[in-house]
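**Student:** Have a look at this one before I ask anything.
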Amino acid sequence: MVDSLTITRLRHLDMPSVKVIRRLAHDVQQAWLDGFTSVKCAHITGEGVTHFPLWVIMFWNAVADIRGNVRKPWITSRDWVKDQLESKRKPDVRKYATEVTRLLGILPWNTLKRGLSDASPVHSLSRFLGKRWLSSTDINDMLEMLREKIAADPELAGLVRVEMVEFTAKVTAAFRARESEDYHRSKSTKWLRALGEDIFGNGERLITVAHLGDHNDEKHWITIEVNGADTLFRYGDSFKDDIPPSLWYPPKLHSNRRPLLWDACGKRRRASCLSRHTFDATREHRGGTCSPISPR
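Per full-length UniProt numbering, the sequence shown starts with residue 1, numbered consecutively.
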């Protein structure tokens, strides 16, 4: 039985090294099968030695995981925020850093994110604080929040739709498979034709984010907006680069001048009349990485 005194000793006991903990965690199951029920620290001698239950090894193992996988990225992010607090030339950055510091004080470090569909651990948010690359999950989280904000606005709901980062890849895949499967008639691309009707038939707007890795090997996120009412294709790159040809015109059909993304959407007549414009995408204060829908 583990009494309060044993718990107190456990709290003040120095943990073994991570290497030792991993070895113990590997051996503890066999030790339990062999009939062992407790463990003691080999470097402590005398009659007052406390024998701890075997589960203390798994406790140490969990603590080691938290320190390495959870605590470490948060500490790195916290230190980065502290550096931003000392930014003398960027008062707006200091303002954001002050607010982030306050929020970090009330944010749990290792629960699941609430209110978002990906259900990944909350410590994955630490990627937003620093110069680490944002994952598709991070971008989708922002798009999901944007979608909810639009849905709550009567003037935008029903007129603006937000698609996740996988959307562009799906449209591109449908176009590339056109020789084996006609996306204007195929059942598998019925969703795409319905989207084309919404955008070009009903005059809706679509907003999404795409990764350039599939088009020009750039590890970079860009924003795409398609305005069906005005037949307008808008492209935003915080690095100010031009749109890759494969995102705008089919590689082998440049003479047609028909947009790759929207040739697959059924309303071909209107899609082929899209005019292309660029808009200023926000350059992140973080530096080094990109988030196409970050605040100015």
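Where a beta carbon is used, it is the ideal one built from N, C-alpha and C, also for glycine.
Is DSSP giving Ile224 helix, strand or coil here?
**Tutor:** Here residue 224 refers to the residue found at position 224 when the sequence shown is read from its first residue. Reduced to three states, the DSSP call for Ile224 is strand.
**Student:** Starting from His26, trace the alpha helix (DSSP H) both ways and give me its first and last residue.
**Tutor:** Within the sequence shown, residue 26 is the residue found at index 26, counting from 1. It spans 18 to 33 - the alpha helix (DSSP H) in which His26 sits, taken as one unbroken run.
**Student:** Could you tell me how far apart the beta carbons of Leu54 and Val39 are, in whole angstroms, since I believe they sit closer than 8 Å?
**Tutor:** Here residue 54 is taken as the residue at index 54 of the sequence shown, counted from 1. Here residue 39 is taken as the residue at index 39 of the sequence shown, counted from 1. At roughly 6 Å, the Cβ-Cβ gap stays under 8 Å, so Leu54 and Val39 are in contact.
**Student:** For Glu163, tell me which candidate among Asn61, Val209, Thr172 has the shortest Cα-Cα distance.
**Tutor:** Translated into positions along the sequence shown, residue 163 becomes position 163. Here the closest residue by C-alpha is Val209.
**Student:** Given a threshold of 16 other Cβ atoms within 10 Å of its Cβ, counted over all protein chains shown, does Ile75 qualify as buried or as exposed?
**Tutor:** What you label residue 75 is simply residue 75 of the sequence shown in a count that begins at 1. By the 10 Å Cβ count, Ile75 comes out exposed.
**Student:** Do you know how far the Cα of Val56 is from the Cα of Asp27?
**Tutor:** Position 27 of the sequence shown, counted from the first residue, corresponds to residue 27. Position 56 of the sequence shown, counted from the first residue, corresponds to residue 56. Distance between the alpha carbons of Asp27 and Val56 is about 13 Å.
**Student:** Quick one: Cα of Pro91 to Cα of Ser124, how far?
**Tutor:** As a working mapping, residue 91 is identified with position 91 in the sequence shown. As a working mapping, residue 124 is identified with position 124 in the sequence shown. Going by the C-alpha atoms only, they are around 27 Å apart.
**Student:** Can you list, in chain order, the residues of its chain with a C-beta nearer than 8 Å to that of Pro108? Leave out the 5 residues immediately preceding and following it.
**Tutor:** For the purposes of this step, residue 108 is identified with residue 108 of the sequence shown, where counting begins at 1. Cβ within range, chain order: Val122.
**Student:** Run through DSSP, which three-state label would Ser124 get?
**Tutor:** Within the sequence shown, numbered from 1, the residue matching residue 124 stands at position 124. Of the three classes helix, strand and coil, the one that applies to Ser124 here is helix, per DSSP.
**Student:** Whose C-alpha, out of Ser275, Phe167, Phe239, Ser4, is nearest the C-alpha of Phe233?
**Tutor:** Taking the sequence shown and counting its residues from 1, the one referred to as residue 233 is at position 233. For the residues Ser275, Phe167, Phe239, Ser4, the minimum Cα distance to Phe233 belongs to Ser275.
**Student:** DSSP three-state label for Leu161, please.
**Tutor:** Along the sequence shown, one-based indexing puts residue 161 at 161. The sequence shown places Arg at residue 161, rather than the Leu named in the question. Strand at Arg161.
**Student:** Excluding five sequence neighbours on each side, which residues of the same chain lie with their C-beta closer than 7 Å to the C-beta of Leu25?
**Tutor:** Position 25 of the sequence shown, counted from the start, is the residue given in the question as residue 25. In the sequence as presented, Leu is not what sits at residue 25; that position holds Ala. Cβ neighbours of Ala25 beyond the five flanking positions: Ile57, Met58, Asn61.
**Student:** For the alpha helix (DSSP H) that Ala64 lies in, which residues bound it at each end?
**Tutor:** As a position in the sequence shown, residue 64 is number 64, starting the count at 1. Annotation for Ala64: the continuous alpha helix (DSSP H) segment containing it runs 55 to 65.
**Student:** Does DSSP put Pro199 in a helix, a strand or coil?
**Tutor:** As a first step, residue 199 is located in the sequence shown; it is residue number 199 there, counting from the start. First, the residue type needs correcting, since residue 199 is Ile and not Pro in the sequence shown. Ile199 falls in the helix class under three-state DSSP.
**Student:** Determine the extent of the beta strand (DSSP E) in which Ser275 is found, giving its start and end residues.
**Tutor:** Stepping through the sequence shown from its first residue, residue 275 is reached at position 275. From DSSP, the beta strand (DSSP E) with Ser275 extends over 275 to 279.
**Student:** If we ignore side chains and look at the alpha-carbon of each, how far apart do Ile150 and Val165 end up?
**Tutor:** For this step, residue 150 is matched to residue 150 along the sequence shown. For this step, residue 165 is matched to residue 165 along the sequence shown. Cα-Cα distance, rounded: 17 Å.
**Student:** Taking C-beta to C-beta, are Pro244 and Asn216 nearer than 8 Å?
**Tutor:** Along the sequence shown, read from residue 1 onward, the residue named residue 244 stands at position 244. Along the sequence shown, read from residue 1 onward, the residue named residue 216 stands at position 216. Closer than 8 Å, so yes.
**Student:** As a quick exercise: from Thr111, Ala97, Asn202, pick the residue whose alpha carbon is nearest that of Ala229.
**Tutor:** Within the sequence shown, residue 229 is the residue found at index 229, counting from 1. Ranking Thr111, Ala97, Asn202 by Cα distance to Ala229 puts Asn202 first.
**Student:** If you measure between the beta carbons of Gly213 and Ile222, is that distance less than 8 Å?
**Tutor:** By 1-based counting over the sequence shown, the position of residue 213 is 213. By 1-based counting over the sequence shown, the position of residue 222 is 222. For Gly213 and Ile222, no; Cβs fall outside 8 Å.
**Student:** Whole angstroms are fine: how far does the CA of Val93 sit from the CA of Asp79?
**Tutor:** Residue 79 sits at position 79 when you count from the first residue of the sequence shown. Residue 93 sits at position 93 when you count from the first residue of the sequence shown. Rounded to the nearest angstrom, the gap between the Cα atoms of Asp79 and Val93 is 15 Å.
**Student:** Quick check on Ala119: does DSSP put it in helix, strand or coil?
**Tutor:** The residue labelled residue 119 in the question sits at position 119 within the sequence shown. Ala119: coil per DSSP, three-state reduction.
**Student:** Taking only three categories from DSSP, how would you classify residue 303?
**Tutor:** Since the first residue shown for the chain is 1 and the last is 296, residue 303 is missing from the structure and cannot be characterised.
**Student:** For Thr231, tell me which candidate among Arg114, Arg193, His277 has the shortest Cα-Cα distance.
**Tutor:** Start at 1 with the first residue of the sequence shown, and residue 231 comes out as number 231. That would be His277, whose Cα lies nearest to the Cα of Thr231.
**Student:** Measuring alpha carbon to alpha carbon, tell me which of Arg205, Leu192, Met142 ends up nearest Glu155.
**Tutor:** Your numbering for residue 155 matches position 155 in the sequence shown. Per the Cα distances, Arg205.
**Student:** Pick helix, strand or coil for residue 297, following the three-state DSSP scheme.
**Tutor:** For the chain, the structure presents residues 1 to 296; residue 297 sits outside this window and is missing.
**Student:** DSSP state of Arg89, grouped into three classes?
**Tutor:** As a first step, residue 89 must be located in the sequence shown, where it is residue number 89. Arg89 falls in the coil class under three-state DSSP.
**Student:** If you draw a straight line from the C-alpha of Ile7 to the C-alpha of Gln30, how long is it?
**Tutor:** Taking the first residue of the sequence shown as position 1, residue 7 is located at position 7. Taking the first residue of the sequence shown as position 1, residue 30 is located at position 30. The straight-line gap from Cα to Cα measures roughly 25 Å.
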